[in-house]
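J.: The structure follows.
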Amino acid sequence: MRFNRKRQKIRPLTILLAVAMAVSAVSAVYFGTAALSKKPEKKSSMADDLISAIDTGGIDKDEYGNMVKFFDSLSKEQSFEYKDKYKNLYVDNDFKFKDPQKKTAYLTFDDGPDETVTPQVLDILKKYGIKGTFFTIHNGSKKADQLYKRIVDEGHTIAAHSYTHDYEKIYQSVDSFLEDFSKISDHIEKVTGVKPELFRFPGGSINYFNAGVYRQIIGEMIRRGYVYYDWNVSAEDAVRAGVSAGDIKRYALAGSSNMNKKIVLMHDGAGHKNTAEALPGIIEGLKAQGYEFAPLTKDVMPVVFS
């Protein structure tokens, strides 16, 4: 299921930084402090305030720390059961980000691995000595398992995208999202031995299907230590079937060449052979614009939609 992604505004991750700083600041007492004493009627308003803070980034650090602790102490009767589930979904993260000092392009690929397209993409990246980032979905074939492993073995970043890629299913609730995420994370770790620390929302962090739940999902995933990445350049190779290699290259190279950081969205899923065909020209074009290449890591300042 596809939709127009071009309408999303893009900005550096000021929201996540605000959240991460607050979580980091209170982490010493976060897990060992008893629940704050608040009246029941205050619970919903404080949760709402927290969500609002995530949305705006405009909240005092100490006040936010208190809300984080209280949000974590809400009882199961308040429909936050998911907080006690999926014990495997935690990663260590100090949320200390940095931007590259030199112009850097991060080539990212969604919806793989595909038995035909992904090997072509990997071969091209290997030829150019470039490391990319693969936001993967579930593919249970033996050849796909070899590709998950090849991504890791060749020094690329393997990250989670979705197990089912079924927007209507995974965005029903925070629990639904976590269930799907847990499955793809477990599969990646089982096959490669690497637990993914990065993820990308199917459809981007803000989309038609998650409008009512994206803030809660973002807050919960940050609480668990995960970092998510949207993009600020799209090759538009998934807006419709059969986008030509020439158009994919043109879209990927569009935009200001003065941008210090480009996170380029492409796809290596089934049917995206034209993306692989366009990739050498994209790489050469970005080089001509003065860009170096690197894989995303949890230290890279994310770009997110707002």
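Take the sequence shown: its letters are residues -28 to -1, 1 to 278, numbered as in mature numbering (1 follows the signal peptide of the UniProt record, and there is no 0). Backbone N, C-alpha and C fix where the C-beta goes; we use that ideal spot for every residue, glycine too.
Look up MET238 in the DSSP assignment and say whether it is helix, strand or coil.
T.: DSSP places MET238 in strand when its eight states are reduced to three.
J.: Hey, quick one: how far does the beta strand (DSSP E) through VAL198 stretch, first residue to last?
T.: Note that residue 198 is Tyr in the sequence shown, not Val. Unbroken run through TYR198: none, as it is neither H nor E.
J.: Does DSSP put LYS59 in a helix, in a strand, or in coil?
T.: LYS59 falls in the coil class under three-state DSSP.
J.: Going straight from the alpha carbon of GLY127 to that of PHE107, what length do you get?
T.: Straight-line Cα distance between these residues: approximately 14 Å.
J.: Out of MET273, TYR200, VAL163, which has the shortest C-alpha to C-alpha gap to SER113?
T.: It is VAL163.
J.: If SER157 and ALA132 are in contact, beta carbons under 8 Å, what's the gap, nearest whole angstrom?
T.: Their Cβ separation, rounded to whole angstroms, is 5 Å, which keeps SER157 and ALA132 in contact under 8 Å.
J.: Of all the options GLY104, ASP95, LYS57, GLN73, which has the alpha carbon lying nearest to the alpha carbon of THR80?
T.: Checking every option, the nearest Cα to that of THR80 belongs to GLY104.
J.: Evaluate GLY165 with the Cβ neighbour count: other Cβ atoms within 10 Å of its Cβ, from every protein chain shown; 16 or more gives buried, anything less gives exposed.
T.: When all chains shown are included, GLY165 counts as exposed.
J.: For the beta strand (DSSP E) that ASP82 lies in, which residues bound it at each end?
T.: Its beta strand (DSSP E) spans residues 76 to 82.
J.: On the three-state DSSP scale, how would you describe VAL272?
T.: It is a strand residue.
J.: So the candidates are VAL272, PRO252, MET231; which of them puts its Cα closest to the Cα of LYS75?
T.: Cα-wise, what sits closest to LYS75 is MET231.
J.: Output the residue ranges of the alpha helix (DSSP H) runs that lie fully inside the region 134 to 217 and measure 4 residues or longer, sorted by chain position.
T.: The qualifying runs are 139 to 142, 146 to 164, 186 to 195.
J.: Work out the CA separation of LYS99 and GLY175 for me, nearest whole Å.
T.: Approximately 30 Å between the Cα atoms of the pair.
J.: Using the Cβ count rule (16 or more neighbours within 10 Å means buried), how would you classify TYR54?
T.: Under this definition TYR54 is a buried residue.
J.: Output yes or no for whether 8 Å exceeds the beta carbon distance between LEU258 and VAL93.
T.: No, they are not a contact pair.
J.: Assuming ILE102 is part of the beta strand (DSSP E), what are its boundary residues?
T.: Looking at the DSSP string, ILE102 is not in any beta strand (DSSP E), and its letter there is neither H nor E.
J.: Nearest-angstrom Cα distance between PHE149 and THR88?
T.: Spanning the two alpha carbons is a distance of roughly 28 Å.
J.: Put ALA6 into one of helix, strand or coil per three-state DSSP.
T.: At ALA6 the pLDDT is 29, less than 50, meaning the model places this residue with poor confidence; the figure from the coordinates comes in the next sentence. ALA6 falls in the coil class under three-state DSSP.
J.: Over the uninterrupted alpha helix (DSSP H) stretch that includes LYS68, give me the two end residues.
T.: Counting along the chain, LYS68 falls outside any alpha helix (DSSP H), and DSSP gives it neither H nor E.
J.: Which residues bound the alpha helix (DSSP H) around residue 287?
T.: Past the boundaries of the shown model lies residue 287; the chain is included only from -28 to 278, so the question cannot be answered.
J.: Just to confirm before moving on: does the CB-CB distance between ASP82 and LYS233 stay below 8 Å?
T.: In this structure, LYS233 does not lie closer than 8 Å to ASP82 by Cβ.
J.: Reducing DSSP to helix, strand and coil, say where SER90 ends up.
T.: According to the sequence as given, residue 90 is Thr; it is not Ser. Note: THR90 maps to helix in three-state DSSP.
J.: State yes or no: is the C-beta of GLN188 within less than 8 Å of the C-beta of SER229?
T.: In this structure, SER229 does not lie closer than 8 Å to GLN188 by Cβ.
J.: Run through DSSP, which three-state label would GLU126 get?
T.: If DSSP states are grouped into helix, strand and coil, GLU126 belongs with coil.
J.: Tell me whether ALA116 sits in a helix, a strand or coil according to DSSP, three-state version.
T.: Three-state DSSP puts ALA116 in a helix.
J.: With distances taken Cα to Cα, identify the nearest neighbour of LEU61 among TYR201, GLU161, ILE254, HIS137.
T.: If we check each option's Cα against that of LEU61, GLU161 comes out closest.
J.: State the Cα-Cα distance for the pair GLN191 and SER134, rounded to the nearest angstrom.
T.: Gln is not the amino acid found at residue 191; the sequence shown has Gly there. One C-alpha to the other measures close to 18 Å.
J.: Quick one: is ASP209 buried, meaning 16 or more other Cβ sit within 10 Å of its Cβ, or exposed?
T.: It counts as buried.
J.: To which residues of the same chain is SER216 closer than 8 Å at the C-beta, ignoring the five residues directly before and after it?
T.: Answer for SER216: ASN246, listed in chain order.
J.: For the candidate residues ASP56, SER206, VAL199, VAL124, whose alpha-carbon lies nearest to that of ASN65?
T.: Nearest C-alpha to ASN65: VAL199.
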